[in-house]
Each structure stands twice: as structure tokens, then as C-alpha cells.
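Participant: Pasting a structure below so you can have a look.
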Amino acid sequence: NGNAAKAGKTRNFVEKMEESGKNCIIFYGSQTGTAEDYASRLAKEGKSRFGLETMVADLEEYDFDAMDTLPSDKIAFFVMATYGEGEPTDNAVEFYEFINGDDVAFSQGGEDAPLDNFHYVAFGLGNNTYEHYNSMVRDVDRLLTKYGAHRIGNAGEGDDGAGTMEEDFLAWKEPMWAALAAHMGLEEREAVYEPVFGITVREGLTPQSPEVYLGEPNKMHLEGAQKGPFNAHNPYIAPIAESYELFKVKDRNCIHLEIDISGSTLSYTTGDHIAIWPTNAGDEVDRFLRVTGLTDKREQVISVKALEPTAKVPFPTPTTYDAIVRYHLEIGAPVSRQFVSTLAAFAPTEEIKTEMTKLGSDKDYFHEKTGSQLFNIARLLEHVGNGETWDKIPFSAFIEGLTKLQPRYYSISSSSHVQPKKISVTAVVESSMVVGRQDPFRGVATNYLLALKQKQNGDPEPSPFGLTYELHGPRNKYDGIHVPVHVRHSNFKLPSDPAKPIIMIGPGTGVAPFRGFIQERAQQAREGINVGRTILFFGCRKSTEDFMYESEFEEYKKALGDKFELVTAFSRESSKKAFFYVCGDAANMAREVNTVLAQIIAEGRGVSESKAEEIVKNMRAANQYQEDVWS
Ligand code: FAD
């Protein structure tokens, strides 16, 4: 990575720790920002509770051959997310390749246990619905141990699949801190909040001053330049050539976008992902500024400076509170219990402080009070604050405590063979009713895309939800509708030989990449290329409501003929379900089929295994499940 090298910074983390007087480095491998967020939280807690001199470090900014020189009185944390099919996150690829390499060369040469002095702590972020659950932290833990390193505490595992990530993290870290305190001889002290970022008001500047950042994705854009390479640090502001609705119902939306990348150096191949950089909804920005007492200061120009040498301000400054909140902080995400604890100290009254402290420290109470409403930070402060303004919270606490607003990924739904400079996106708009709340929960990026589509088409009722969007900055000088994007290459690819048959299973928006695959094969067939059988299983609620691309599939059928087969299932069209027939070996096969069917029912309907067994039994009784088996 050139960034650190260019700035003349060292890529040797042991040197870096030495230079900046740190005894604890917290590495993160993060794709969507959660691991990075956890790393920052650990760094903060380590400092405030135990006086550790912590620094947070992006794995891609350092080399690892000097790992064997880390003195034994220092500690390294690894907060590792597993991405996709057991892959490292983009920023952890180099580290993982190094430590997992066949002949790892540490700087002092190889004995049996080159990392004998190296002490570490490990936490993984994974999703148990994937086969390779938390494989990244497991691999890193195994490899470090293999080279003689010593782990302190357990290697924690958080599970996004079960929705328990935050609680898994909180439950893991207490015993970990106890083990680390014992190992390093640390004394716990009364936690004191020390801001990481200092805010100064820039009296001489106004939001009109050219150097003031108002939401342009980075400094380059501030200077009026769209310069590549366009990547996860620098999006391309792409024109939206076309946008339209795919569903035929009023209460749900699925947006199709055609994003024009012809003015950039971006390229893609069929099956890649595109990242969309969203903007927070105006209503949520207003809510946040109101409850924190910043409404009157929203346009005030401020500079944000890191008060510690190893901290980085995650956006360009000078800027305004409005721009930071609108474009840079994930203000829509559910609030973490730990953050609630941190903010208790700044409550407007003693009574509210007591309530916040209880919410922060008592898991059951927190779930009882906030459970199904899924509060974001501003909604929680409103709810607990009873109309009081939370103006004692230092703004630094929000920059530290909230995740950076993250780009969202979408499977590209077009073929690069057919349209190399135009990327299709198929996005279902996230808007779900929540128990105990007047309004539905609305996803950040998809409602932003909906607003872009509505603006582009001059829809008569812009935003049915009354949300307002300041679309990519008030100084937007682009004609027409644009969206900031970058492309992420993936391994999800058609076979290189078009004659090979393919089977695709993609219900709902799961069909997105397959539209690209089929578009490609239809074009190949038109070009006279021999194309193999192309079978798509697609499901949705009703053929008259959310059967997306129905007429397009008919066009593909014309080009592909018998080679294209579309198998559909509409879950709300009929209560009549299929009949099951099982024939053959009774002892193993038939019993297994029964068990697996019950498991599928249990998972699919969210019922217990015994309830699912009962459902299968009822299917048998109704002759919906028939067997002709023998042993
Ligand atoms: P977010 O604001 O991120 O919310 C998403 C979810 O988080 C909600 O459903 C909700 O359950 C939960 N949540 C977050 N905050 C709260 C809160 N405060 N209260 C309640 N619930 C909350 N999507 C597609 O539609 N089409 C695709 O082709 C597609 N491809 C993808 C490919 C990849 C590789 C990946 C990783 C994801 C893909 N997705 C796709 C999903 C997509 O990236 C987004 O996650 C999705 O569109 C929702 O984004 P959002 O910003 O609208 O919602």
C-alpha cells in the first residue's frame, strides 16, 4: 500500500509503537466498519480503564515480518472480520497471505518458536449462517500459536447470523480485560473520558469558503478534481443514466439503476460488486442535531484535530457539524449498549444519568426498554432524555463512538460483455415496520437510492416517507443525478466455457447477479456462440407484485430458446404446497430426508425442531409426505 510509504511513514508497527510511546496496538480487519469500530472501542476502554497506551491500526498499513521484535511487555490485538466464503476483508489480505504463507520469514530469522515474545488478544466477527464461520480469527489464532505466540484470554467470536454480535463482544471482553490486567500487571481505575478529537470554531470561515468541506467524498473532490484510481478510499461520482421501479405494488419498492462509468477508469466483469456511498436522510440528520443541541450551530465552520499522534480524523476539515453528521457518521445504525454507558456521564440530569447507566450496564433491562424498537443513537437519546437536550456530550464522543458511514455493496446485475461501461443495480428498499414504533425502520442506502430515483423521474410524490436528502453535497456541480461508487471485484463468475451448463438459485434480489449471467449468455447465443443449459430458480411473493425482470426473461428466452429454463415459486399465491415422495433405503436415506426437512422447516419458519417434527408428522397424516421405503 502506497499511502503510508508516500507520506514517509514507517510500515514497521513495532517501530511505530516505540516512536509514539504505545504499549498496545489494536489491528483490525474490517469490511463494513464494525471490526474497525470494535477496535476503536477497545482502544478507548484500554486507555480509560487500565491506562494502556493504545493505538488502532489498519492491517493494510503495516508489514508483519517484524512481529518477532515486539517486546514481551507489549500487546497486540487482532479484531478480525470474516468476509464472504471465509475470506479475509480487503484490508487484511496482505497480512493473511503473510502469516498463512508457506515460508513465513520473520525479521530475526526462524527458530522453532519465532513469536515466543509475542502476546496477543483476538476477537472475530462472523456469521454462523456461512459455512466458514469466523474462520479468519480461528486461522489467525492458530497460525500465531503455531509460531509460538501467546494468546491472552479466549479468542472471542461474535455472531452476526444470530444477531448477537454486540452481546458476544461485550460478554467476551470482560474476562479478556481481567486476563490482560493480570498478565500485564495493570490496575483498573475509575474510567475518565478523554476526547480523542479537539474541535475549534473557525470564525473567519463560512460554509461558502472554498476550503470548507461540505460533503464532497474527499479532499480531491474538494479541489474540484475527480481523479482516479477510484476505490474504497475515493469513490467516482457517477451519473445515473436511468432508474426505475421493478415492483408493481405501492407499499414495497425495488429499484433498478443504470450507473454510467464511462467517464472514469472503472471497469467490471459480470458477477462483481458495486459499492454505493450513501447520504443520511435529512430527517434523521435533523433529529440528531436537535437532540444534541447542535441545530443552531449546524453551519458553523469547525476544524477537527486528532489530540493523539496515532489517531486520524476520518474526514477532511475544516467542515461543519451538518456535513459530518450527514455524510460521515452511521447515525441510522442500532445504538450499542457500551456507547450508552459512555454517554451516561453527559446526561442532562442526574435522573437521566441513572437511567442511562442502568441501560448501559444491564443487558436484560436494555433489551426490555429498547428491544424491538431498534433505536438509533438520536432516537435513544430522545427517548431516554424526555425532551431534554444532550448538549453536554463532547462532539468527539460521536466521532469516536459511532461507525463511519459505510458504503453498501450490491451485486452487479448486468453483464460486462453486453454493457461494459454501464453497471446495473437491483436494490430492494429496506423499510420494515417495527413493534412499538410509529414509523418503519428505513435502511440508509436503499432509501437514498429511492430518493435519487424519485428525483430523477420527477415522481409526483417524492419520498413517500417524507424524508429529505441533501444529495451528495450542496456544492454539487454535476448536471443530473449522480451517485458516488466504486467497484469491488469478486470471484463469483460464469464458467469460462459458455457451453457449460449452469444452475442458479436466486429468489428476491438474489436474482441480481443472475440477471447479469443470463444477459451475457443471451447475447452470446445471439452471436452464434454455443451456450449450455441455463437454469434459474426464482421465487417471490406474487407473480403480479414482485416478479422482477419478468418481461426481460421472456426476451432472454427468445435468444436462448430451450437452453434457458426459469423455475418459479410464488409463496403468497397459493396455500397449496408441493407433495413430497420418498422412495428407497428406509434405515438411512429416508430418515435423513425426514430430519433435514424438519430442520429446513425449523429454520425457515423460525420454530423449534420439535415443532418442525410435528409439522412433518401432520404432512404425513395429510398424505402430503408419502414414503415407499424398505430396509
Ligand atoms: P441499513 O441501514 O444498512 O440497514 C440494514 C439492516 O440492518 C436492516 O435490515 C435492519 O435489519 C438492520 N438495522 C440497521 N440499523 C437498524 C436500526 N436502527 N433499526 C433497525 N434495524 C436496523 N441488496 C440488494 O438489495 N441487492 C443486491 O444485489 C445486494 N447485493 C449484495 C451483495 C453483497 C456482497 C453484500 C454484502 C450485500 C448485498 N446487498 C444487496 C445488501 C446491501 O448491501 C444492503 O445491506 C441493503 O441494501 C440494506 O442497506 P441499507 O443501507 O438500506 O440498510
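Be aware that the sequence shown starts at 19, since it is given in the working numbering, and climbs by one per residue. In this text, a Cβ means the ideal position worked out from N, Cα and C, and glycines have one as well. All values derive from a computational prediction rather than experimental measurement.
(1) Starting from residue 644, follow its DSSP beta bridges and name the residues at the other end.
(2) Taking buried to mean at least 16 other C-beta atoms within 10 Å of its own C-beta, is residue 343 buried or exposed?
(3) Measuring CB atoms only, is the segment 286 to 299 touching the segment 425 to 435, in the sense that at least three cross pairs come out at less than 8 Å?
(4) Could you spell out the range, first to last residue, of the beta strand (DSSP E) harbouring residue 257?
(5) Decide if residue 239 is buried, meaning its Cβ has at least 16 other Cβ atoms within 10 Å, or exposed.
(6) What are the boundary residues of the beta strand (DSSP E) that residue 52 is part of?
(7) Which residue from 96, 398 and 402 puts its Cα closest to that of residue 372?
(8) Measure the Cβ-Cβ separation of residue 313 and residue 489 and say whether it is below 9 Å.
(9) For residue 438, does the three-state DSSP call read helix, strand or coil?
(10) In this structure, does DSSP put residue 291 in helix, strand or coil?
(11) Please go through the same chain and pick out, in chain order, the residues whose beta-carbon is closer than 6 Å to the beta-carbon of residue 21, but skip the five residues on each side of it.
(12) The beta strand (DSSP E) with residue 278 in it runs from where to where?
(13) Please list, in chain order, all residues of the same chain as residue 390 whose beta carbon is under 7 Å from its beta carbon, the five residues on each side excluded.
(14) Where do the N-terminal and C-terminal ends of the alpha helix (DSSP H) with residue 620 fall, by residue?
(15) Helix, strand or coil: which one does DSSP assign to residue 451?
(16) Measuring only from the beta carbon, is residue 463 closer than 8 Å to any heavy atom that is part of ligand 1?
(17) Ligand 1 heavy atoms versus the CB of residue 335: any closer than 8 Å?
(18) For residue 277, count neighbouring Cβ atoms within 10 angstroms of its own Cβ and tell me buried if that reaches 16, exposed if not.
(19) Starting from residue 381, follow the alpha helix (DSSP H) in both directions and report where the run begins and ends.
(20) Taking residue 8 as part of the alpha helix (DSSP H), name the residues at either end of that continuous run.
(21) Terminal residues of the continuous alpha helix (DSSP H) containing residue 427?
(22) Give the range of the alpha helix (DSSP H) segment to which residue 571 is assigned.
(23) Would you mind stating whether residue 310 and residue 408 have Cβ atoms separated by less than 9 Å?
(24) Would residue 444 be called buried (16 or more neighbouring beta carbons within 10 Å of its own) or exposed?
(25) Ignore the nearest five residues each way along the sequence and tell me which others in residue 255's own chain have a CB closer than 7 Å to its CB.
(26) Compute the distance between the beta-carbons of residue 666 and residue 333, then report whether it is under 9 Å.
(27) Tell me whether residue 137 is buried or exposed, calling it buried when 16 or more other Cβ atoms sit within 10 Å of its Cβ.
(28) Once you ignore the five residues that flank residue 406 on each side, which residues in its own chain have a CB closer than 7 Å to its CB?
(29) Comparing the CB of residue 351 with every heavy atom of ligand 1, is any distance shorter than 8 Å?
(30) Can you tell me where the alpha helix (DSSP H) holding residue 473 begins and where it ends?
(31) Output needed for residue 585: all residues of its chain with C-beta closer than 8 Å, excluding positions within five of it in sequence on either side, in chain order.
(32) If distances are taken between C-alpha atoms only, which option among 328, 432, 508 and 381 comes closest to residue 36?
(33) At a cut-off of 8 Å, would you count residue 469 as near ligand 1, judging by its Cβ distance to the nearest heavy atom?
(34) For a test of the three-state rule: what should DSSP assign to residue 651, helix, strand or coil?
(35) Between residue 416 and ligand 1, is there a pair consisting of the residue's CB and a ligand heavy atom that are separated by less than 8 Å?
(36) Enumerate in chain order the residues of its own chain whose CB-to-CB distance from residue 174 is below 6 Å, with the five nearest sequence positions on each side excluded.
Facilitator: Let's see:
(1) Answer by DSSP bridge pairing, in chain order: 599.
(2) Buried is the call here.
(3) With a cut-off of 8 Å, the segment 425 to 435 and the segment 286 to 299 count as touching, because enough Cβ pairs lie within range.
(4) Run containing residue 257: 254 to 263, per the beta strand (DSSP E) assignment.
(5) Burial call: buried.
(6) If you look at residue 52, you'll find it isn't in any beta strand (DSSP E); it sits in the alpha helix (DSSP H) that goes 52 to 68.
(7) Nearest option by C-alpha distance: 402.
(8) Taking 9 Å as the Cβ cut-off, residue 313 and residue 489 do not qualify as a contacting pair.
(9) In the structure shown, residue 438 sits in coil (DSSP, three-state: anything other than H, G, I, E or B).
(10) Note: residue 291 maps to strand in three-state DSSP.
(11) A caution first: residue 21 carries a pLDDT of 46, below 50, which makes its placement in the model unreliable, though a value can still be read off. By the criterion of a C-beta distance shorter than 6 Å, residue 21 is surrounded by no residue of its chain, once the five residues flanking it on both sides are discounted.
(12) For residue 278, the enclosing beta strand (DSSP E) begins and ends at 272 to 278.
(13) In chain order, 452, 453 and 454 place their CB closer than 7 Å to the CB of residue 390, counting only its own chain and leaving out the 5 sequence neighbours on each side.
(14) Judged by DSSP secondary structure, residue 620 falls within the alpha helix (DSSP H) whose first and last residues are 609 to 623.
(15) DSSP places residue 451 in coil when its eight states are reduced to three.
(16) Taking non-hydrogen atoms of ligand 1 into account, the C-beta of residue 463 is found less than 8 Å away from one of them.
(17) Relative to ligand 1, residue 335 has its C-beta separated by 8 Å or more from all heavy atoms.
(18) Classification for residue 277: buried.
(19) Residue range 381 to 388 is occupied by the alpha helix (DSSP H) that includes residue 381.
(20) The chain is shown from 19 up to 649; residue 8 falls before or after that span and cannot be answered.
(21) Run containing residue 427: none in the alpha helix (DSSP H); it sits in the beta strand (DSSP E), 426 to 429.
(22) Taken as a continuous stretch (DSSP letters only), the alpha helix (DSSP H) holding residue 571 covers 568 to 578.
(23) Their beta carbons are under 9 Å apart, which means residue 310 touches residue 408 by this criterion.
(24) The residue in question, residue 444, is buried, as its Cβ has 16 or more Cβ neighbours within 10 Å.
(25) Hits under 7 Å: 244, 490, 496, 500 and 502.
(26) Since the first residue shown for the chain is 19 and the last is 649, residue 666 is missing from the structure and cannot be characterised.
(27) By the 10 Å Cβ count, residue 137 comes out buried.
(28) Hits under 7 Å: 366, 367 and 370.
(29) Distance from the C-beta of residue 351 to the nearest heavy atom of ligand 1 is below 8 Å.
(30) Per DSSP, the continuous alpha helix (DSSP H) segment holding residue 473 begins and ends at 462 to 475.
(31) Excluding residues up to 5 positions away in sequence, 553, 554, 555 and 556 lie with their Cβ nearer than 8 Å to the Cβ of residue 585 in the same chain.
(32) The shortest Cα separation from residue 36 among 328, 432, 508 and 381 belongs to 328.
(33) No; taking the cut-off as 8 Å, the Cβ of residue 469 has no heavy atom of ligand 1 nearer than that.
(34) Past the boundaries of the shown model lies residue 651; the chain is included only from 19 to 649, so the question cannot be answered.
(35) Not under cutoff, so the answer is no.
(36) Same-chain partners within the cutoff: 141 and 190.
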